[in-house]
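In mature numbering (1 follows the signal peptide of the UniProt record, and there is no 0), the protein residues as written are -40 to -1, 1 to 1123. For glycine and all other residues, C-beta sits at the position ideal for the given N, C-alpha and C. Notes follow the structure.
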């Protein structure tokens, strides 16, 4: 870009610097510091570091300006040289050394006066160049690394063309007919790309440098940071650049991780690492943020994350003791950089819009299909609809017509006319009354910087979400502040504050809105509310109203119009720590974390709310004395209020030793103690006749209705609602030791031990002092002398570990009793809920892991493969007790579960150059099996219903009856163990007759992440897959609330049994359990639940070059589409992730396609 000598540029530079200093001082005030130690003294001897690759000279100027106070002024005659591309790496050199290297082989010269650097063109050299006549030349060369070893397969392209060559096995290359002023682009995987001007030379010696960003990977365990070459455990790390692509628009850490990490299974509401290792205790991983475990990961802004490291095996995770059995997720948040002296701003904003939900996906019957079912059921007799009892129990619109026909109020023609009118109704036509496209808006701002003694990071993130259901919304704001400073030589202080505020409004409807009768509409053509089916007959309502009863109409639209359901959550996390270097390699540190959070949920019901109206009306009874109806239940608004408070604190003291002796022996060790306390308090209250403005309530004696009292119909009933209050406090103490030793960077041995104490354990010393521990070995085979000659092998590391991790539940070793009041006498009472168990102890998981890390073909292909076996023992399981103890069963440490499998991650750098293509393939395989447990009673009904663990099977399994088809009467039939047909009237309890279908949890899962780059564009598709599990298809349950569109295929006439598996309508609405089970839980409904998804497709463009990198170091436009495509193995096209696999029901609407556009600005 052409620039003239002008003072304006200096003014702009100074103005921008002033603004940044003001922002920096404001940040310091937030941390309670009185001043920021900034060295304002400028000197031409000040050390400058610069690392740029394949950038223009103009862009290199911008980088120098960012890291210093210098200002470049460019003369007109030199501007043409600024677009030349160069690569440069200099560390801690003065400005003259940096500029000499920058202008090497160019016609540019410079003058430095104070902070101004004047750039000019060397006219004599320029004239000499003009006198040269370009002609084709032959260039020969050799490419080596820093150790002068030849590099085969190096890509050498002529810039501006598609011509090029690759080096041979000795690193040699030859290019013919080359322009003397050509520029060669030299690239090699794992090393920095270079641009080499030929300058008329016929022989070149090119030395490639390692790309430290690729080769210097480190592992963060939460207690320590290690180079991956010195780590024996199984780790997988996702860095910031990948997170930005995976989590655009994400509101939690979990989002975007599906398929991103091998061995990590991400479900709709779960995260499991290498399978499930517990039955009744905690099953989720431990989350660690900046070295300290946290309870609420929803307070973490995904934009603040620098890296996510998953610790999988015992060597990696055992340092976390009794909380490591389920794996550990270590999150490192961003922080400013030392020795930079500048303030950096990062602003990002995005908006996401969903398509409208597809309710046809739910396969609900049409009004006509439903009415056909209902009329056929009514024709079967009083088992479905009895006109004599309709006045007591209420009726549907269809049943109302039949009731009127029964009473002689209408004839057959009017009946059919009324049914036909209802058939024309379409409940889906009202979907816009309840649902809309979801819209989410996000804004994030972060400020970071540092000097040689201080670094800091502050961010504010806001998310506003207009929910899919009208009446639903949520808003969240997360503020994060983090700093680290040197107080004295060797003494460092770190501080952090994280606060989060969330407000949710939940006035909308869920899927239950579509579980009603599809011909019942909510509003008429004028928008007036219509009455829907209730338990009170329509023709009786007016009589009740005349007696003083409230409006008994139920209308879904009226419900959401009057709902007032909100929740507010606030949390804070404070951490501080001191670290002192006693001498080189030995540090002592202490760290303290405090977390607290409060949640307040409010459900306010006014007198339009059906639940409240029904309560009041149900307890409106006739007073014979006063000869009038009286409301026994308060006639006023109702408020349910729940308050939860939680807090925890952790204090850790740590001694760390990290030293290299004689460049041969590397020793890393830590020892420490940790104390922790968790506290929770929960309170739930109900306020009667609540005045939302005056904040007043009326006293109400709920006890008066807790006895069986006559209600409005003369039936005896009782009203019970008890307030709840609970409080718990648990304490923990731990001592631990962890160490590793490496010899020559090739051989490493590691070990750890930790003892955890808790008031959750029993008093038996045999179990209280049982440690968790690990040991590991690694061998960097590629560093052996006899492996050096294998040109295609760049890195090979073998790992072997074994150890024992732990897990706990919130069970108590003491007898627990629940305090309450007797519902009949209202006397205080205690109900003993669990027996004493002084042998209660932690659950243990022994983990064996063998892993291989590799890099091949000049680092173009790299990855890791891990084989593991996890055996969990002393798991809490249901165990039968002697009835004389007063308990039939209790949960004690008796069960055992195993997990074995394979994790694999392969990274491929497929293409390099102007067009690039990188790909990561993640693969996880896990086989879960219950090894020991007291299985449920061996009765077929227990097995097909699932839920209870069965020895020899996965924790999540599916059993089914073997289907024998429908009988000639349209009734369900199954096979027994001998292959004989069994009808529904005969109970078949033999588990040997069942078919084991498979696991409900996918044994194979993973993802594929590709990134295609072209100049400033990047396209990233992210696929995930889950394979090998099973599911039940949806089927009509043959009762009014459980129908789907397949009800039209039910058996109606003899012969239909040859074409359908859906039986005839049962003779009563109360279906016999055998009929229901044989029909719903047979193997004809079982199918493969495998699927593959295109989770996201992201296109980004860096447009900073268009607007000038002096203004923005990065200016990126990002567009992302989510949930564009899904392949499913099942015949119905159902998304198994949003579905009840065992019951065959739609628990959620699947995610619809969504589109996000955002912008990221860095300056």
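By DSSP, does residue 1037 sit in helix, in strand, or in coil?
Residue mapping note: residue 1037 aligns to position 1077 of the chain shown, counting from 1. In the structure shown, residue 1037 sits in a helix (DSSP, three-state: H, G or I).
Discussion item. Buried or exposed, going by whether 16 or more other CB atoms sit within 10 Å of the CB of residue 58?
Written reply: The residue you call residue 58 lines up with position 98 of the chain shown. It is buried - the Cβ of residue 58 has at least 16 other Cβ atoms within 10 Å.
Q.
According to DSSP, simplified to helix, strand and coil, what is residue 478?
A. Position 518 of the chain shown, counting from 1, holds the residue named residue 478. In the structure shown, residue 478 sits in coil (DSSP, three-state: anything other than H, G, I, E or B).
Coarse secondary structure for residue 100, derived from DSSP in three states: On the chain shown, position 140 is the one that residue 100 refers to. In the structure shown, residue 100 adopts extended strand secondary structure according to DSSP, grouped into three states.
Requested in this report: Take residue 582 and list the residues in its own chain whose beta-carbon comes closer than 6 Å to its own, dropping the five residues that flank it on each side.
Outcome: As a working mapping, residue 582 is identified with position 622 in the chain shown. Here the set comprises 589.
> Rounded to the nearest angstrom, how far is the Cβ of residue 276 from that of residue 195, given a contact under 8 Å?
Replying inline: Reading the chain shown from its first residue, position 316 is the one you call residue 276. Reading the chain shown from its first residue, position 235 is the one you call residue 195. 6 Å between Cβ atoms; contact.
| residue 425 Cβ short of 6 Å to the ligand HEM heavy atom set | The model depicted lacks the ligand HEM and carries no ligand whatsoever.
*For residue 567 and residue 510, believed in contact at Cβ under 8 Å, the rounded distance*: Taking the first residue of the chain shown as position 1, residue 510 is located at position 550. Taking the first residue of the chain shown as position 1, residue 567 is located at position 607. Going by Cβ atoms, the distance from residue 510 to residue 567 rounds to 7 Å, so yes, they are a contact pair.
Please state if the CB of residue 640 and the CB of residue 700 are separated by a distance shorter than 7 Å. Here residue 700 corresponds to residue number 740 of the chain shown, with the count starting at 1. Here residue 640 corresponds to residue number 680 of the chain shown, with the count starting at 1. Against a cut-off of 7 Å, the Cβ pair of residue 640 and residue 700 comes out as no contact.
Exercise. Among residues of its own chain, excluding the 5 on either side of residue 446, which ones have a beta-carbon nearer than 6 Å to its beta-carbon?
Worked result: Mapped onto the chain shown, residue 446 falls at position 486. So the qualifying residues of the chain are 413, 452.
Can you tell me which of the three DSSP states residue 60 falls into? In the chain shown, counting from the first residue as 1, residue 60 sits at position 100. Reduced to three states, the DSSP call for residue 60 is helix.
> So, helix, strand or coil for residue 328, using DSSP?
Replying inline: Residue numbering aside, residue 328 sits at position 368 when the chain shown is read from its first letter. Looking at residue 328 - three-state DSSP - the assignment turns out to be helix.
Fill in: Secondary structure of residue 747, DSSP reduced to three states
Position 787 of the chain shown, counted from the start, is the residue given in the question as residue 747. Here residue 747 sits in helix by DSSP.
- Alpha carbon to alpha carbon, how far is residue 20 from residue 94? Give it in angstroms, no decimals. Position 134 of the chain shown, counting from 1, holds the residue named residue 94. Position 60 of the chain shown, counting from 1, holds the residue named residue 20. With a pLDDT of 44 at residue 94, under the threshold of 50, the modelled position of this residue cannot be trusted; read the value that follows with caution. About 28 Å.
Exercise for review: Could you work out which residue in 945, 302, 197 is closest to residue 1036 when comparing CA atoms only?
Suggested key: Against the chain shown, residue 1036 aligns to sequence position 1076. Among 945, 302, 197, the Cα nearest to that of residue 1036 belongs to 945.
* Are there three or more Cβ pairs, one per stretch, closer than 8 Å when the region 528 to 536 is compared with the region 383 to 390? -> no
Legend entry - Three-way DSSP call (helix, strand, coil) for residue 43 in this model: Here residue 43 refers to the residue found at position 83 of the chain shown. Here residue 43 sits in helix by DSSP.
Q) Who are residue 860's beta bridge partners in DSSP? A) Taking the first residue of the chain shown as 1, we reach residue 860 at position 900. In DSSP, residue 860 forms a bridge with 829, 887.
Problem - In chain order, each beta strand (DSSP E) run of at least 3 residues that lies wholly inside the region 235 to 270 - result: List check, beta strand (DSSP E) in window: 246 to 249.
Beta-carbon separation of residue 1041 and residue 932 under 7 Å? Numbered from 1 along the chain shown, position 1081 holds the residue referred to as residue 1041. Numbered from 1 along the chain shown, position 972 holds the residue referred to as residue 932. For residue 1041 and residue 932, no; Cβs fall outside 7 Å.
| message | Which runs of the beta strand (DSSP E) at least 3 residues long sit entirely within the region 488 to 532? Give them in chain order. | response | Taking 3 residues as the shortest admissible run, the region 488 to 532 contains no complete beta strand (DSSP E) segment at all.
For this session: Drop a sphere of 10 angstroms on the beta-carbon of residue 356, count the other beta-carbons inside from all chains shown, and report buried for 16 or more, exposed for fewer.
Result: Residue 356 sits at position 396 when you count from the first residue of the chain shown. Classification for residue 356: buried.
- Does the count of Cβ pairs from the region 466 to 476 and the region 412 to 431 closer than 8 Å reach three? Three or more Cβ pairs closer than 8 Å define a contact, and the region 466 to 476 meets that threshold against the region 412 to 431.
Within 10 Å of its beta-carbon, does residue 683 have 16 or more other beta-carbons around it, so buried, or fewer, so exposed?
One-based indexing of the chain shown puts residue 683 at position 723. The residue in question, residue 683, is exposed, as its Cβ has fewer than 16 Cβ neighbours within 10 Å.
Run the CB neighbour count on residue -31, radius 10 Å, all protein chains shown included, and call it buried at 16 or more, exposed below. For the purposes of this step, residue -31 is taken as the residue at position 10 of the chain shown. Per-residue confidence for residue -31 stands at a pLDDT of 31, beneath the threshold of 50, marking its modelled position as unreliable; the derived number appears in the next sentence. It is exposed - the Cβ of residue -31 has fewer than 16 other Cβ atoms within 10 Å.
- prompt: How about residue 604 and residue 642: are their beta carbons less than 7 Å apart?
  reply: Counting from one through the chain shown, the residue named residue 604 turns up at place 644. Counting from one through the chain shown, the residue named residue 642 turns up at place 682. Yes, Cβ-Cβ distance for residue 604 and residue 642 is below 7 Å.
Review point. Quick one: Cα of residue 1002 to Cα of residue 273, how far?
Key: In the chain shown, residue 1002 corresponds to position 1042, counting from 1. In the chain shown, residue 273 corresponds to position 313, counting from 1. Their backbone Cα atoms lie some 45 Å apart in a straight line.
From which residue to which residue does the alpha helix (DSSP H) around residue 20 run?
Numbered from 1 along the chain shown, position 60 holds the residue referred to as residue 20. Unbroken alpha helix (DSSP H) run through residue 20: 17 to 26.
So which of 436, 448, 454, 574 has the shortest CA-CA distance to residue 496? By one-based count along the chain shown, residue 496 stands at place 536. Considering only alpha carbons, the answer is 574.
| query | Taking buried to mean at least 16 other C-beta atoms within 10 Å of its own C-beta, is residue 265 buried or exposed? | reply | If you number the chain shown from 1, residue 265 lands on position 305. Buried is the call here.
Review point. When you compare each of 1108, 1095, 1027, 1119 to residue 1072 by their alpha carbons, which one comes out closest?
Key: Locating residue 1072 in the chain shown gives position 1112, where the first residue counts as 1. The shortest C-alpha separation from residue 1072 is found at 1119.
field: Any 3 or more C-beta pairs closer than 8 Å across the region 1043 to 1051 and the region 362 to 369
entry: no
query = Could you give the C-beta distance for residue 116 and residue 146, rounded to a whole number, given that I count them as a contact under 8 Å?
reply = Taking the first residue of the chain shown as position 1, residue 116 is located at position 156. Taking the first residue of the chain shown as position 1, residue 146 is located at position 186. Your pair residue 116 and residue 146 checks out as a contact, with CB atoms roughly 5 Å apart and the cut at 8 Å.
The region 149 to 168 touching the region 594 to 611, judged by at least three CB pairs closer than 8 Å | no
Any chance the region 320 to 327 sits against the region 474 to 493, with 3 or more Cβ pairs inside 8 Å? yes
*Do three or more CB pairs link the region 730 to 741 to the region 706 to 719 at distances below 8 Å?*
As far as the Cβ criterion goes, the region 730 to 741 touches the region 706 to 719, which means the pair count is three or higher.
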